[in-house]
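*Asks:* Numbering (the numbering used here), first residue to last: 14 to 362. All C-beta atoms, glycine included, are put in the ideal place defined by N, C-alpha and C. Only a predicted model underlies this, so the values are computations on that prediction, with no experimental measurement involved.
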Amino acid sequence: MSSRSWFSRGLLSWYRANKRPLPWRETTDPYTIWLSEVILQQTRVDQGLAYWERFMERYPTVRDLAAASEDEVLRQWQGLGYYSRARNLRQAAGQVMNDHGGRFPSTYTELKALKGVGEYTAAAIGSICFGLPEPVVDGNVYRVLARAFGIGTPIDSTEGRREFRKLAAELLDPRSPGDHNQAVMELGATICTPKKPLCGDCPIARKCVALKSDLISDLPVKAGRAKTRTRHFNYLHVNTKGGLYLRKRTAKDIWQGLYELPLIESDNGRTKRQFTSDLVREFGAGWRVVGEHGPVKHVLSHQVIQAVFWRVEIPAKAKLPEDWEKVMEAEVGERALPRLVERYFEEVG
Numbered sequence: 014m015s016s017r018s019w020f021s022r023g024l025l026s027w028y029r030a031n032k033r034p035l036p037w038r039e040t041t042d043p044y045t046i047w048l049s050e051v052i053l054q055q056t057r058v059d060q061g062l063a064y065w066e067r068f069m070e071r072y073p074t075v076r077d078l079a080a081a082s083e084d085e086v087l088r089q090w091q092g093l094g095y096y097s098r099a100r101n102l103r104q105a106a107g108q109v110m111n112d113h114g115g116r117f118p119s120t121y122t123e124l125k126a127l128k129g130v131g132e133y134t135a136a137a138i139g140s141i142c143f144g145l146p147e148p149v150v151d152g153n154v155y156r157v158l159a160r161a162f163g164i165g166t167p168i169d170s171t172e173g174r175r176e177f178r179k180l181a182a183e184l185l186d187p188r189s190p191g192d193h194n195q196a197v198m199e200l201g202a203t204i205c206t207p208k209k210p211l212c213g214d215c216p217i218a219r220k221c222v223a224l225k226s227d228l229i230s231d232l233p234v235k236a237g238r239a240k241t242r243t244r245h246f247n248y249l250h251v252n253t254k255g256g257l258y259l260r261k262r263t264a265k266d267i268w269q270g271l272y273e274l275p276l277i278e279s280d281n282g283r284t285k286r287q288f289t290s291d292l293v294r295e296f297g298a299g300w301r302v303v304g305e306h307g308p309v310k311h312v313l314s315h316q317v318i319q320a321v322f323w324r325v326e327i328p329a330k331a332k333l334p335e336d337w338e339k340v341m342e343a344e345v346g347e348r349a350l351p352r353l354v355e356r357y358f359e360e361v362g
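Right, dumping it as structure tokens:
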């Protein structure tokens, strides 16, 4: 028996006795589990559960999801961020229907070929649904392994990713790969947390190198974070009879495919006078600023948005850009909006 068998043995018994009662753990249906895994890459379980339930109610089968429009799927995803994952979700559902006759593929290679499915998701689906001996490596797993075995290699380095994946594969219990993978992730999510871990409740604490060496707060190690840049968004709230104007973001940028108020992005923050000059320069004479809301700070993973919402009056014969779409106020809530814009509407009523 492997000298490291204590790891899986201790975790499996703990997991089976203490795992959280989550609905996707009551099945091995790959569609159900795929949805949960993609959603939980974006948020915590307590918030993700509501999104998962919403998706399962709206799209109970992969066929239903594949048949949905992109706008509809983005609307259901609204608030989770990384909207490319929602688009990938719909495209992957189409692949399952078109390439696999509506049945999820059961090999690791075929799972990875689905749009948006990487090593982590393919391993999760493969091990839980089909018993494939593929290790899952996510943030929780990195943390558990780094602490349990005292590994100081940066997890965001090529060497670190290779080392941790190799260790995860060696530790994997081939008889119960699905439960093993879920057990490691569950330990990281509920016990071996980033801050204030519950070491007294940990089933592998007596073997934990970090605990013995007082390195809990030092592991895992990250080499460095990507630089954060600040962007200045100036939104135009232009009322028209019974509604307002929205535009769809089509460029390959944040929030692609979502609707927002018309936007002028500037290099820095603008005063009312400066922004009035921007309007005239962009659209011509006669445009007036009649109110403002903000600046509002909105933090993304590698960007900080400083947004000001300007109430604007336009001249009677103004020629509006072609991508401005008039939307009745009652219909605004039916569009998929960035959380920043949605929150603005909530605040101004």
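Are the Cβ atoms of residue 290 and residue 245 separated by less than 9 Å?
*Replies:* Not closer than 9 Å, so no.
*Asks:* May I ask which residues mark the beginning and end of the alpha helix (DSSP H) holding residue 156?
*Replies:* That run of the alpha helix (DSSP H) goes 152-162.
*Asks:* Give me the DSSP bridge partner(s) of residue 247.
*Replies:* In the DSSP output, where bridge partners are listed per residue, residue 247 has 277 and 321.
*Asks:* Assign residue 12 to one of two classes, buried (16 or more other C-beta atoms within 10 Å of its C-beta) or exposed (fewer than that).
*Replies:* A query on residue 12 cannot be resolved here, the shown segment of the chain reaching from 14 to 362 and no further.
*Asks:* Locate the alpha helix (DSSP H) running through residue 133, then write down its first and last residues.
*Replies:* Taken as a continuous stretch (DSSP letters only), the alpha helix (DSSP H) holding residue 133 covers 132-143.
*Asks:* Quick one: using the 10 Å Cβ neighbour count with 16 as the cut-off for buried, is residue 194 buried or exposed?
*Replies:* Residue 194 should be labelled buried.
*Asks:* Count the other CB atoms, across all protein chains shown, that sit within 10 Å of the CB of residue 210; report buried if there are 16 or more and exposed otherwise.
*Replies:* Buried: at least 16 other Cβ atoms inside 10 Å.
*Asks:* Residue 302 bridges to which residues according to DSSP?
*Replies:* Partner(s): 325.
*Asks:* For the alpha helix (DSSP H) that contains residue 295, what are its first and last residues?
*Replies:* 285-296 is the extent of the alpha helix (DSSP H) around residue 295.
*Asks:* Write down every uninterrupted run of the alpha helix (DSSP H) in the stretch 165-247 whose length is 4 residues or greater and which is fully enclosed by it, in chain order.
*Replies:* Listed in chain order, they are 171-184, 190-203 and 222-225.
*Asks:* Can you give the Cα-Cα distance for residue 204 and residue 161, rounded to whole angstroms?
*Replies:* Each residue's alpha carbon lies about 13 Å from the other.
*Asks:* For the candidate residues 117, 224, 327 and 207, whose alpha-carbon lies nearest to that of residue 163?
*Replies:* Ranking 117, 224, 327 and 207 by Cα distance to residue 163 puts 224 first.
*Asks:* Does DSSP put residue 253 in a helix, in a strand, or in coil?
*Replies:* Note: residue 253 maps to strand in three-state DSSP.
*Asks:* What does the alpha-carbon distance come out to for the pair residue 237 and residue 128?
*Replies:* Spanning the two alpha carbons is a distance of roughly 29 Å.
*Asks:* Name the DSSP beta bridge partners of residue 316, please?
*Replies:* Beta-bridge pairing links residue 316 to 242.
*Asks:* Taking the alpha helix (DSSP H) that residue 347 belongs to, which residues open and close that run?
*Replies:* Looking at the DSSP string, residue 347 is not in any alpha helix (DSSP H), and its letter there is neither H nor E.
*Asks:* Distance, Cα to Cα, residue 216 vs residue 27?
*Replies:* Residue 216 and residue 27: Cα-Cα distance of roughly 6 Å.
*Asks:* By a C-beta neighbour count over all protein chains shown, 10 Å radius and 16 as the cutoff for buried, is residue 33 buried or exposed?
*Replies:* The residue is exposed, with fewer than 16 neighbouring Cβ atoms inside 10 Å.
*Asks:* Indicate the three-state DSSP secondary structure (helix, strand or coil) for residue 33 in the structure shown.
*Replies:* Note: residue 33 maps to coil in three-state DSSP.
*Asks:* Is it buried or exposed, residue 88, if we count other Cβ atoms within 10 angstroms and call 16 or more buried?
*Replies:* It counts as buried.
*Asks:* Is residue 321 near residue 358, with beta carbons less than 9 Å apart?
*Replies:* No. Outside cutoff.
*Asks:* Note the first and the last residue of the continuous alpha helix (DSSP H) segment covering residue 59.
*Replies:* Looking at the DSSP string, the run of the alpha helix (DSSP H) that includes residue 59 is 58-71.
*Asks:* Among the candidates 90, 109 and 44, whose CA atom is the shortest distance from the CA of residue 63?
*Replies:* Residue 63 has its Cα closest to that of 90, out of 90, 109 and 44.
*Asks:* Return yes when the Cβ of residue 144 is within less than 9 Å of the Cβ of residue 190, no when it is not.
*Replies:* Taking 9 Å as the Cβ cut-off, residue 190 and residue 144 qualify as a contacting pair.
*Asks:* Below 8 Å on the Cβ atoms is my contact criterion, and I expect residue 306 with residue 361 to pass it. Report the Cβ-Cβ distance as a whole number of Å.
*Replies:* Rounded, the Cβ-Cβ distance is 6 Å, consistent with contact.
*Asks:* Give a yes or no on contact between the stretch 316-336 and the stretch 297-306, applying the rule of three or more CB pairs nearer than 8 Å.
*Replies:* Cβ pair count under 8 Å is three or more, so yes.
*Asks:* With the cut-off set at 9 Å, would you say residue 331 and residue 234 are in Cβ contact?
*Replies:* Taking 9 Å as the Cβ cut-off, residue 331 and residue 234 do not qualify as a contacting pair.
*Asks:* For residue 15, collect the residues of the same chain with a Cβ closer than 7 Å to its Cβ; drop the 5 residues on either side in sequence, then sort them by chain order.
*Replies:* Since pLDDT at residue 15 reaches only 49, below the 50 mark, its modelled position is unreliable, and the value read off the structure follows with that caveat. Within the same chain, residue 15 has no close Cβ partners at all.
*Asks:* Could you give the residue range of the alpha helix (DSSP H) that holds residue 271?
*Replies:* Premise fails: residue 271 is in no alpha helix (DSSP H) and is neither H nor E.
*Asks:* Which one or two residues does DSSP pair with residue 261 in a beta bridge?
*Replies:* Looking at the DSSP assignment, residue 261 forms a beta bridge with 272.
*Asks:* State the CB to CB distance for the pair residue 255 and residue 342, rounded to an integer number of angstroms; the pair is presumed to be in contact (CB under 8 Å).
*Replies:* That pair is a contact at about 6 Å.
*Asks:* From this set, 230, 315 and 319, which residue's C-alpha is nearest residue 94's C-alpha?
*Replies:* If we check each option's Cα against that of residue 94, 315 comes out closest.
*Asks:* What's the call for residue 186, buried or exposed, on a 16-neighbour Cβ count within 10 Å?
*Replies:* By the neighbour-count rule (16 or more Cβ atoms within 10 Å), residue 186 is buried.
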